[in-house]
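Here the structure comes first, spelled out in structure tokens, and everything after it is commentary.
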Amino acid sequence: LERTLRERGYHVLISCYGSDHGRERDNLRFLLSNGIDGLIYLPEDVTASEFHELSTNFPIPVVQVDRYIQGLDSDTVLVNNMEAARTAVSKLISRGHRRVGLISGPKTVLTAKERQVGYLQALSEHDIAYDDALMILGTNDFATGYRGFETLMALQEPPTAVFCTNYNLTMGLITAARERGMKIPEDLDIFGFDCADICSMMKPPLPVVHQPEQEMGRLAASYLIQRLDGYDGQSRA
37 LERTLRERGY HVLISCYGSD HGRERDNLRF LLSNGIDGLI YLPEDVTASE FHELSTNFPI
97 PVVQVDRYIQ GLDSDTVLVN NMEAARTAVS KLISRGHRRV GLISGPKTVL TAKERQVGYL
157 QALSEHDIAY DDALMILGTN DFATGYRGFE TLMALQEPPT AVFCTNYNLT MGLITAARER
217 GMKIPEDLDI FGFDCADICS MMKPPLPVVH QPEQEMGRLA ASYLIQRLDG YDGQSRA
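For the sequence shown, counting from 1, position 46 maps to 82 in my numbering; every step adds exactly one.
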């Protein structure tokens, strides 16, 4: 993203807010009121009405990446989250697992919700009954993955496989499993999301859903540049 924008003379300002709704609003307000030319946005917890309220006096182009706000019309760069999750969980089931856990972000984050739907689709397609105890939701961070592992392993009938829906969750889960002395995948089969570089170095390599990050960044920057150059066509996704 930064490389593509710099080639056209633009500088990139990075503003982080995690899962802090108040900080997300404050950062948006600060950026929009300080003369940025455009916004590449990974939304977390802001609604469409909140965003319109914050941006009403600042008509700049916006490109949403990795997730999107329902009701906010903009160019968007996404992967097919439901299909990716459905495929990952189906692969775990094809290896003989009937109790597959899920550690995921909150339902308020649309991509997390879509990945949860993909998980449920895979269970349904393989005639596996849904068990609420196997579905751990929390913030998209290391701690949720770590604690999620402990919660799942404390069940009377723990899962034999777990699907994690983002990088930090996967790392938390792996760390907790290793601390307990569990072998992966012999003692617990794991399918991660978006941590291909690290997981490929594990022995054996951990399977993950790979997001094409370089291409997503390049495409998001290209969409923004086109808008800045005057393109006013329909929103692209």
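Beta carbons: idealized from backbone N, C-alpha and C, even for Gly. All figures in this text were calculated on a predicted structure; none of them were measured in a lab.
According to DSSP, residues forming a beta bridge with residue i
i: Gly228; result: Val244
i: Ala197; result: Val136 and Asp225
i: Met171; result: Leu138
i: Val99; result: Ile76 and Asp111
Buried/exposed call for residue i, threshold 16 Cβ in 10 Å
i: Ile50; result: exposed
i: Pro248; result: exposed
i: His88; result: exposed
i: Arg263; result: buried
i: Glu186; result: exposed
i: Val48; result: exposed
i: Glu161; result: exposed
i: Lys149; result: buried
i: Ser85; result: exposed
i: Phe303; result: Only positions 37 to 273 of the chain appear in the structure, and residue 303 is not among them; the question remains open.
i: Gly184; result: buried
i: Glu215; result: exposed
i: Leu191; result: exposed
i: Glu43; result: exposed
i: Gly181; result: buried
i: Tyr203; result: buried
i: Tyr259; result: buried
Beta-carbon separation (whole angstroms), residue i vs residue j, contact threshold 8 Å
i: Leu114; j: Lys143; result: Not really, about 17 Å apart at Cβ, beyond 8 Å.
i: Gln157; j: Arg122; result: 5 Å
i: Leu205; j: Ile226; result: Wrong, their Cβ atoms sit about 11 Å apart, outside the cutoff.
i: Thr147; j: Asn117; result: 5 Å
i: Val101; j: Ala197; result: Actually they are not in contact, since the Cβ atoms of Val101 and Ala197 sit about 30 Å apart, beyond 8 Å.
i: Leu242; j: Ile261; result: The Cβ separation is near 36 Å, so there is no contact.
i: Phe229; j: Thr211; result: With a Cβ gap of about 16 Å, Phe229 and Thr211 do not count as contacting.
i: Glu80; j: Val145; result: 6 Å
i: Leu78; j: Arg254; result: The Cβ separation is near 16 Å, so there is no contact.
Alpha-carbon to alpha-carbon, residue j and residue i
i: Met189; j: Ser91; result: 46 Å
i: Pro97; j: Leu108; result: 12 Å
i: Glu222; j: Phe199; result: 15 Å
i: Ile164; j: Arg134; result: 7 Å
i: Arg13; j: Glu119; result: No statement about residue 13 is possible, as the shown extent of the chain runs from 37 to 273 and does not include it.
i: Cys52; j: Arg59; result: 8 Å
i: Phe94; j: Asp62; result: 15 Å
i: Leu138; j: Tyr104; result: 22 Å
i: Ala179; j: Gly71; result: 36 Å
i: Leu76; j: Asp167; result: In the sequence under discussion, the amino acid at residue 76 is Ile, which differs from the Leu named in the question. If I take the Cα positions, the gap works out to 38 Å.
i: Val136; j: Ala169; result: 11 Å
i: Gly54; j: Gly141; result: 12 Å
i: Val244; j: Ser130; result: 16 Å
i: Tyr155; j: Asp111; result: 27 Å
i: Thr40; j: Gln250; result: 10 Å
i: Val125; j: Gly132; result: 11 Å
i: Tyr267; j: Leu128; result: 44 Å
i: Asn176; j: Gly45; result: 34 Å
i: Pro195; j: Met207; result: 18 Å
i: Met252; j: Met218; result: 35 Å
i: Met171; j: Leu159; result: 12 Å
i: Leu68; j: Gln270; result: 23 Å
i: Leu64; j: Val99; result: 14 Å
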